[in-house]
Each structure stands twice: as structure tokens, then as C-alpha cells.
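Everything on this sheet refers to the single structure shown next.
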Amino acid sequence: MIFPEHLREGDIIGVISPAGPPDPKKLNRAAEWLTGLGFVIKYGRFIDQTDDYLAGSDEQRLSDLHEMFSDDSVHAVICARGGYGTARFADHVDYQLIRNHPKIFWGYSDITYLHTAIRQKSGLITFHGPMLASDLGAEDVPLLSRQLFSQLFEPTSLRYDEHISSLKRICGGSAQGMLVGGNLSLLVSSLGTPFEIDTRNKLLLLEDIGEAPYKVDRMLNQLRLAGKLEKVSGFVIGGFRTDDSPDPATVLSLEKVISEYIAPLKKPALSGFLIGHCRPNFSVPLGTEALLDADEKQLWIQAGVV
Numbered sequence: 001m002i003f004p005e006h007l008r009e010g011d012i013i014g015v016i017s018p019a020g021p022p023d024p025k026k027l028n029r030a031a032e033w034l035t036g037l038g039f040v041i042k043y044g045r046f047i048d049q050t051d052d053y054l055a056g057s058d059e060q061r062l063s064d065l066h067e068m069f070s071d072d073s074v075h076a077v078i079c080a081r082g083g084y085g086t087a088r089f090a091d092h093v094d095y096q097l098i099r100n101h102p103k104i105f106w107g108y109s110d111i112t113y114l115h116t117a118i119r120q121k122s123g124l125i126t127f128h129g130p131m132l133a134s135d136l137g138a139e140d141v142p143l144l145s146r147q148l149f150s151q152l153f154e155p156t157s158l159r160y161d162e163h164i165s166s167l168k169r170i171c172g173g174s175a176q177g178m179l180v181g182g183n184l185s186l187l188v189s190s191l192g193t194p195f196e197i198d199t200r201n202k203l204l205l206l207e208d209i210g211e212a213p214y215k216v217d218r219m220l221n222q223l224r225l226a227g228k229l230e231k232v233s234g235f236v237i238g239g240f241r242t243d244d245s246p247d248p249a250t251v252l253s254l255e256k257v258i259s260e261y262i263a264p265l266k267k268p269a270l271s272g273f274l275i276g277h278c279r280p281n282f283s284v285p286l287g288t289e290a291l292l293d294a295d296e297k298q299l300w301i302q303a304g305v306v
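Residue 182 in full-length UniProt numbering is what sits at position 182 of the sequence shown, and the numbering runs on without skipping anything.
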């Protein structure tokens, strides 16, 4: 795997929106926060474009991605928001370009598709974390969401335990492996494509939002039938909720569905991680080695930068 270089004060951060169009006010607010940290912002040429539910045409969004990676003055590429759209141009991405010009790539949600594709085609470690317009541009950003951005400043291993959130043991034991995954819907949509996620001997991170329990059931079953669940070394279950104010009965139903698919595998598994569509959103590198200790309810993750 290729580790991107860490950020230094004065570095240029490229901002693109490869999926949905960002809210300009929130994007500017987040950009001001980054400039306050000493970074310079460079926006993609087409970041202000809108094509219905997309941030411009597929060609425009792909162009912004390529331009940021080919520009060696840019040290990180951060996505403004998710939504939908990255899979539409995944088969046209120049993965050799990304491999030849490795740098920090950051986002989550729909960006899961690019995380998986870039890791498997380019060998680059990427970051699953809160985005600018959709998260860091809010008026009340949780402190932890911002603090974890500091993992980009120097090589820093991460530890997640119950000091951060309550964790529920689905299966005990410990497992080590590369941390991969992200949004469940996007992982399922990769099946049968050139970007189908490889889960062999991996720690699989799963999270999602706005999906009813029966839909989560259907997607987990599809992963099961595709042989993706039985191959993992362990499970890291992040945020799952149907809306911003979930019905407790729905939450319990979601927990039951997830447990029904994971518990029979007898692989180390913990749920309750504040990773994904939740506040705060604990950012993690994808593609690095991690250790999940379900007995002690801890997750250790190798640093994602050098």
C-alpha cells in the first residue's frame, strides 16, 4: 500500500465535489476553518456546477478529480459532500495517475465507491472522514470531528474504545487485518463490477443512513450470497440510522438484523462506532492495518500518512 505524505502548514488542499452539489455557504464556512489552520484552498474548476442531483456532468467531476491529483502543488484532495454520482465515472478514472501522484484523499458516504476503487486499483491509502459542506461546514461541528483531522498532520495511530462511545460486542475475540469498507449501499453496488470490494482477511467497516431495517437486511444478504461476509477477519459496525431522530424500535430492529448476519460467522465484531453518518464522525484511514479486540472493546488503527 502507498502511504500519502502528511500535511504541513501552508500546503494546498484541493476541494472537489465528485457526487452531489455542495451548499455554498457551508462550503465557505468549512474552507474558512481550513485556512484558519494555515492551509490554502484550491477549488475544482467545476465545483459550483449543478446538474440536477449531480455537481456537474460526469466529465466535469472526473476532470476535477484528475486535475487535483495531477497537480503536484496540491497535497490533499478533500470532498465537499457525498450524495450520489461517483460510480458513474469510476470506470473512467485514471488509476495509474493516482498511483503516480499519491496524496491524501478524504471523504465518506458516496465517496466509499472511490475509496474502494482507488485502494484496489491504485494501492493508495485513503481517509473515511467528515466532508466540508455536509459536515465541517455546519454551525455546530462536534469537536471530535475536527480534532481527528489532525491525523493528517503527522503519522498518528488511532485508538477507539468506550471512552469515545459505548460499544456492543456481537462476537468476541480479536482479529487483525486491513481496514476497508464504508457505506453499505455503495459496497453492495460494487458487486459484479470491476470495483467489487475485496474482503478477504480484512476488517470490514459498515455504516449507512436512511435505510429501513428490511433494506439493510437485503443488502447484508447480498453481501452474504456474494461470499463477502464469510471472508472477513472481523467487523467494525459504524453508524446506522433511518433518520436524524430514529425510532427506538427501528434502532433495535436494525441491531437485530445486523446481528443475525454477523453473529453466526463467529468473527470478532463490535457495533456502536461513531463512524459514518453520525455526530461526531470519527475519521479513519482505509487500507492500513488495524487490530480489533472485541473482548476488550478496542480498535487500534495504524497511521495513514508518512
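No residue lacks a Cβ here, since even glycine has one placed at the ideal position from N, Cα and C.
First and last residue of the uninterrupted alpha helix (DSSP H) at Gln60 = Stepping through the sequence shown from its first residue, residue 60 is reached at position 60. Looking at the DSSP string, the run of the alpha helix (DSSP H) that includes Gln60 is 58–70.
Alpha carbon of Gln60 to alpha carbon of Arg81, nearest angstrom | Along the sequence shown, one-based indexing puts residue 60 at 60. Along the sequence shown, one-based indexing puts residue 81 at 81. C-alpha separation (whole angstroms): 16 Å.
Hey, would you say Ala269 sits closer than 7 Å to Phe235, going by beta carbons?
-> Numbered from 1 along the sequence shown, position 269 holds the residue referred to as residue 269. Numbered from 1 along the sequence shown, position 235 holds the residue referred to as residue 235. Cβ distance < 7 Å, so Ala269 and Phe235 count as in contact.
The alpha helix (DSSP H) spanning Leu184 covers which residue range?
-> Start at 1 with the first residue of the sequence shown, and residue 184 comes out as number 184. Per DSSP, Leu184 belongs to the alpha helix (DSSP H) from 184–189.
For Lys42, write down the residues that DSSP places opposite it in a beta bridge.
-> Position 42 of the sequence shown, counting from 1, holds the residue named residue 42. Lys42 is bridged to Gly14.
Is the beta carbon of His66 less than 7 Å from the beta carbon of Ile12?
-> As a first step, residue 66 is located in the sequence shown; it is residue number 66 there, counting from the start. As a first step, residue 12 is located in the sequence shown; it is residue number 12 there, counting from the start. No; because the gap between Cβ atoms is not below 7 Å, this pair is not in contact.
Return the first residue and the last residue of the alpha helix (DSSP H) that Asp29 is part of.
-> Position 29 of the sequence shown holds residue 29. The amino acid at residue 29 is misidentified as Asp; the sequence shows Arg. Start and end: 24–36.
Buried or exposed: where does residue 310 fall if 16 or more other Cβ atoms within 10 Å of its Cβ makes it buried?
-> Outside the displayed span of the chain (1 to 306) sits residue 310, for which this structure offers no information.
Whether Gly38 touches Glu9 by CB criterion (7 Å) | In the sequence shown, the residue the question calls residue 38 occupies position 38. In the sequence shown, the residue the question calls residue 9 occupies position 9. Yes; because the gap between Cβ atoms is below 7 Å, this pair is in contact.
Are the beta-carbon atoms belonging to Leu204 and Thr112 less than 7 Å from one another?
-> Position 204 of the sequence shown holds residue 204. Position 112 of the sequence shown holds residue 112. Contact: no.
What does a CB cutoff of less than 7 Å around Gly173 pick up in its chain, not counting 5 residues either side in sequence?
-> On the sequence shown, residue 173 is found 173 positions in, with the first residue counted as 1. Result list for Gly173: Pro268, Ala294, Asp295, in chain order.
So the alpha helix (DSSP H) Asp293 belongs to, where does it begin and stop?
-> Taking the first residue of the sequence shown as position 1, residue 293 is located at position 293. Run containing Asp293: none in the alpha helix (DSSP H); it sits in the beta strand (DSSP E), 289–293.
So what's Tyr160 in DSSP terms, helix, strand or just coil?
-> Sequence index remark: in the sequence shown, residue 160 carries index 160 (1-based). The answer is strand: DSSP assigns Tyr160 an E or B state.
Would you give the residue range spanned by the alpha helix (DSSP H) that Gln222 belongs to?
-> For the purposes of this step, residue 222 is identified with residue 222 of the sequence shown, where counting begins at 1. Start and end: 213–225.
Helix or strand or just coil, what does DSSP make of His115?
-> Walking along the sequence shown from the start, residue 115 turns up at place 115. Residue state, collapsed to three classes: helix.
Spatial distance of Ser145 from Val180 (CA atoms) = Position 145 of the sequence shown, counted from the start, is the residue given in the question as residue 145. Position 180 of the sequence shown, counted from the start, is the residue given in the question as residue 180. One C-alpha to the other measures close to 20 Å.
For the candidate residues Pro142, Asp91, Asp64, Gln298, whose alpha-carbon lies nearest to that of Ser17?
-> Here the question's residue 17 lines up with position 17 in the sequence shown. Of the candidates Pro142, Asp91, Asp64, Gln298, the one whose C-alpha sits nearest the C-alpha of Ser17 is Asp64.
Take Leu167 and list the residues in its own chain whose beta-carbon comes closer than 6 Å to its own, dropping the five residues that flank it on each side.
-> What you label residue 167 is simply residue 167 of the sequence shown in a count that begins at 1. Within the same chain, Leu167 has close Cβ partners Leu270, Gly272, Lys297.
May I ask which residues mark the beginning and end of the alpha helix (DSSP H) holding Leu143?
-> Taking the first residue of the sequence shown as position 1, residue 143 is located at position 143. Here the alpha helix (DSSP H) through Leu143 covers 143–147.
Using CA coordinates, which residue listed in Leu114, Gly107, Thr156 is at the minimum distance from Trp300?
-> For the purposes of this step, residue 300 is taken as residue 300 along the sequence shown, with counting starting at 1. Residue Thr156 is the option with its Cα nearest to Trp300.
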